[in-house]
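Below: one structure, written as structure tokens.
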Amino acid sequence: MADSSSRMSRRSVIAAAAAVGLAGCTSGESDDAAPPEEAAGTDDASDTATSREDDIPDRDIEPDWEQAATFRTWLRFDSPVAGGTRRFDYTEAFPDDVDLATVLPAFSDLTIDDVDGHLIQGYTQVLLGGYDVEAIAAAAETADEATYEGTYEGYAVITEEMPGGSQRTLAIDSSAIVIGDDYEVRIDARNGEADRLEDVDPEFTHLFHELPHETTVTGQYDAPQGSVVNEDIYLWGVSSETPMAEEMTWVFVFDSADSLTEEALEDLEAVSSDVHSAERDGRTATVVGAPPEVPEEAAPGE
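Heads up: the sequence shown begins at 0 in numbering that gives the first Met the number 0, then just goes up one per residue.
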């Protein structure tokens, strides 16, 4: 059995990881910021799509795409990041101090009020909402910093030059703006013509079934800080009504039920500053409680 000092160390790491995750969900940083998959999770560069797929546990569950939240159809299994955790962050609720001006196309007149949901996975962002594609494409054709490239599956494809000199690609239709070089396969996945995350790994479908909210959700493979916390965590996620909600639900799926011990569950309670409930069921642990204390250096907007 681990001694009390090592247990507190693990609990401290979990709490810190959760706090950083909260800051990332509510920040208004530009798309030039490090993607979530680089900021959290494993740094094992040997992980590939093939090796990850070989390790998927057996679970008899399938996604109901007719009922699934729209953002789930945009999630990919293949990762552009070596050792990628496939981490995603999604929210439909934006705190008052969040500004998406650096994310939205600078050549358009779009504002945060036009966005219904914001998804980040890897290097790609998807802005769900209602958009006037013709107006945005016309603005791109007359803007010095943008080039209209044509269409892909009905999406207007635009290259935009950023203030720092880098370029990014946007694919826009009436319901979504995709920002990222993998826009083609993202759109194919959305249309059901390419594998989605849950098509490959049903453990994420199980995660979504266990999380009670669809408005603010984060999920990823491995423990919050890789094997530092608990190497037996297969994936985890957290959800709440809003990023700044007073109550959140964390779900941890372990590799095996044997590894999800009472001690492991006790360690996981560190994600919350005030635990309301904590339970385990087979390979799955659920912790409900108040958000963690966010260190000043991880506070949103700083």
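Cβ atoms here follow ideal geometry from the backbone N, Cα and C, with glycine treated the same way.
Asp59 and Phe203 have their C-alpha atoms some 12 angstroms from each other. By the neighbour-count criterion, in which a residue is buried when 16 or more other Cβ atoms sit within 10 angstroms of its Cβ, Asn190 is exposed. Of the residues assessed, Ser165 falls on the exposed side of the cut-off, its CB having fewer than 16 other CB atoms within 10 angstroms. Under DSSP, Arg279 takes part in a beta bridge, and its partners are Ala284. Among the bridge pairs identified by DSSP, Asp96 is matched with none. Distance from Tyr220 to Thr84 at the Cβ level is roughly 4 angstroms; contact confirmed, criterion being Cβ atoms closer than 8 angstroms. Ranked by how close their Cα comes to the Cα of Arg185, the residues Arg279, Glu209, Tyr154 and Gly281 have Tyr154 in first place.
Counted as a single uninterrupted DSSP element, the beta strand (DSSP E) harbouring Ile232 occupies residues Ile232 to Ser239. Per the Cβ contact rule, the stretch 208–219 is in contact with the stretch 239–248 (3 or more Cβ pairs under 8 angstroms). Residue nearest to Tyr151 within the set Asp131, Asp172, Glu140 and Glu144 is Asp172 (criterion: CA-CA distance). Listed as beta-bridge partners of Gly218 by DSSP are Phe87 and Gly236.
In this model, Asp280 and Leu196 are separated by some 24 angstroms (Cα to Cα).
CA-CA distance, Gly129 to Ala256, rounds to 44 angstroms.
Cβ neighbours of Arg167 within its own chain (closer than 7 angstroms, five residues either side excluded): Asp30, Glu159, Met161 and Ile178. Nearest Cα to Asp108 within the set Tyr89, Val132 and Pro94: Val132. Shown here, Val132 sits in a helix according to DSSP, grouped into three states.
By the CB criterion at 8 angstroms, Ala92 and Thr241 fall inside the cutoff. Counting other Cβ atoms within 10 Å of its Cβ, Gly163 stays below 16 and is therefore classed as exposed.
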